[in-house]
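Quick notes on the structure that follows.
Take a look at the structure:
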């Protein structure tokens, strides 16, 4: 799958595993982890990478980096789920990005061999996983950071569900 | 550049721009943005994607997703800068990952056409940028999240600098 047709040097990654979730259709999904409280999923890591999960079980949350594999193409301006205006793609979390890379901070429930059980999963079932990073408040948590057009509407992600606009 | 030699379907991305910083060598760098306070950099977006920066200027912080382009290969267990023990790669932020994807939350100072000025940049000069996402506390900030082996040492990233171990 080739993204965005750029003319610079391509960078190729391979899935290290697969994310499983209760969500089988791109429409009707939670749009962020804060709209997916209690939604349980699993992350299956390819056997050859399972050794890299050592020490992960002490972390309450992990960052999943994955491919929005059902999105093709991109738009520079999109109408997000949370706003009627068109916004620049890099000012949104829309999946139809020049590089369709997704990022979700989820709760880590348990690590069993090469399987992670996670909560608050807002990811489509079958999604190819690219990386896992430990969530570290000193590196990642800025609770008072001003957030532009999302300032007044981000909390609405707790209840808004996706439609099919980003297929 | 091909990562990790996996046998699943490859996923190819293209740089959307380049990150510039004061750091020209992989050794002697800040290891996280909290060790890079006040370090100023710029992000140059390719002209054809600059339209996607609309509305970004209202955000105090952005998430940069990039390629650790000077790292080749990976280790499943690494000795991080902050700890004498070997840790599973997915429980660390080490750059020698199966997919060498980096993530930094930086301060957005200004947006000028296709150039972003950013502070707290802990990224090597010349790094290929893959994506920009707006940092949204409701989606991304969990200040009390427990963080395993990093719980007692994460704050040391304010002063520890890298050496050449992850070349």
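Protein chains in written order, with the working numbering: chain G, 6 to 172; chain D, 6 to 172. All C-beta atoms in this analysis are idealised placements derived from N, C-alpha and C, irrespective of residue type, glycine included.
Problem - Straight-line Cα distance separating residue 86 of chain D from residue 21 of chain D - result: C-alpha of residue 21 of chain D to C-alpha of residue 86 of chain D: approximately 30 Å in a straight line.
Problem - Where the segment 43-76 of chain G meets chain D: residues whose CB sits under 9 Å from a CB there - result: Of all residues in the segment 43-76 of chain G, only 50, 51, 53, 54, 55, 56, 57, 58, 59, 60, 61, 62, 63, 64, 65, 66, 67, 68, 70, 72, 74 place a beta-carbon less than 9 Å from a beta-carbon of chain D.
Practice task
Please check if any C-beta of chain G sits within less than 8 Å of the C-beta of residue 31 of chain D.
Solution key: At a cut-off of 8 Å between beta-carbon atoms, residue 31 of chain D makes no contact with chain G.
Handout entry: beta strand (DSSP E) segments (min. 3 residues) lying fully within the segment 10-56 of chain G
Key = At a cut-off of 3 residues, the continuous stretches assigned as beta strand (DSSP E) that sit fully inside the segment 10-56 of chain G are 16-18, 22-25, 45-50.
Exercise for the section: Rounded to whole angstroms, what's the CA-CA distance from residue 88 of chain G to residue 158 of chain G? Just pull it up for me. Expected result: Approximately 8 Å, taken between the alpha carbons.
Handout entry: Contact list for the segment 85-101 of chain G against chain D, Cβ threshold 9 Å
Key = Those would be 90, 91, 92, 93, 94, 95, 96, 97, 98, in chain order.
Exercise for the section: Determine which residues of the segment 121-141 of chain D have a Cβ less than 8 Å from any Cβ of chain G, and write them out in chain order. Expected result: If the cut-off is 8 Å between Cβ atoms, the segment 121-141 of chain D has 133, 135, 136, 137, 138, 139, 140, 141 near chain G.
Handout entry: Pick from G:80, G:76, G:83 that is closest to residue 30 of chain G, judged by C-alpha positions
Key = Taking residue 30 of chain G as reference, the option from G:80, G:76, G:83 with the minimal CA-CA separation is G:76.
Practice task
Return the residues of the segment 144-159 of chain G that lie within a Cβ-Cβ distance of less than 8 Å from chain D, sorted by chain order.
Solution key: Here the close residues are 144, 145, 146, 147, 148, 149, 150, 151, 152, 153, 154, 155, 156, 159.
Handout entry: Simplified DSSP assignment, three categories, for residue 153 of chain D
Key = Note: residue 153 of chain D maps to helix in three-state DSSP.
Handout entry: Cβ of residue 6 of chain G within 8 Å of any chain D Cβ
Key = For residue 6 of chain G, the predicted structure reports a pLDDT of 42, less than 50, and the residue's modelled location is therefore unreliable. The matter cannot be settled from this model.
Exercise for the section: Assign residue 33 of chain G to one of two classes, buried (16 or more other C-beta atoms within 10 Å of its C-beta) or exposed (fewer than that). Expected result: The residue is exposed, with fewer than 16 neighbouring Cβ atoms inside 10 Å.
Practice task
Look up residue 79 of chain D in the DSSP assignment and give the residues it is bridged to.
Solution key: Partner(s): none; residue 79 of chain D has no beta bridge.
Handout entry: Listed by chain order, chain D residues near residue 82 of chain G by CB distance under 8 Å
Key = 56, 57, 59, listed in chain order.
Exercise for the section: Starting from the C-beta of residue 80 of chain G, find all residues in its chain whose C-beta is less than 7 Å away, skip the five residues before and the five after it, and write them out in chain order. Expected result: So the list reads 94, 101, once near-sequence residues are dropped.
Practice task
May I ask which residues mark the beginning and end of the alpha helix (DSSP H) holding residue 142 of chain D?
Solution key: Here the alpha helix (DSSP H) through residue 142 of chain D covers 142-145.
Handout entry: Pairwise C-alpha distance: residue 90 of chain G and residue 136 of chain G
Key = One C-alpha to the other measures close to 32 Å.
Exercise for the section: Just tell me which of D:18, D:144, D:138, D:23 has its CA closest to the CA of residue 67 of chain D. Expected result: Of the candidates D:18, D:144, D:138, D:23, the one whose C-alpha sits nearest the C-alpha of residue 67 of chain D is D:138.
Practice task
May I ask you to list, following chain order, the residues of the segment 13-28 of chain G that have a beta carbon less than 8 Å from some beta carbon of chain D?
Solution key: Against chain D - using a Cβ distance shorter than 8 Å - the residues of the segment 13-28 of chain G are 13, 14, 15, 16, 17, 18, 19, 20, 21.
Exercise for the section: Please work out which residues of its chain come closer than 7 Å, Cβ to Cβ, to residue 134 of chain D, disregarding the five sequence neighbours upstream and downstream, and give them in chain order. Expected result: Once the five neighbours on either side are set aside, the close Cβ partners of residue 134 of chain D are 20, 21, 22, 23, 24, 48, 69, 71.
Exercise for the section: Kindly indicate which residue of D:56, D:74, D:103, D:150 has the alpha-carbon position closest to the one of residue 97 of chain G. Expected result: Nearest to residue 97 of chain G by alpha-carbon distance, out of D:56, D:74, D:103, D:150, is D:56.
Handout entry: Stretch pair the segment 34-44 of chain D + the segment 141-158 of chain D: three plus CB contacts closer than 8 Å
Key = Too few Cβ pairs lie closer than 8 Å, so no.
Problem - Rounded distance between the beta-carbons of residue 111 of chain D and residue 126 of chain D, thought under 8 Å - result: Their Cβ separation, rounded to whole angstroms, is 5 Å, which keeps residue 126 of chain D and residue 111 of chain D in contact under 8 Å.
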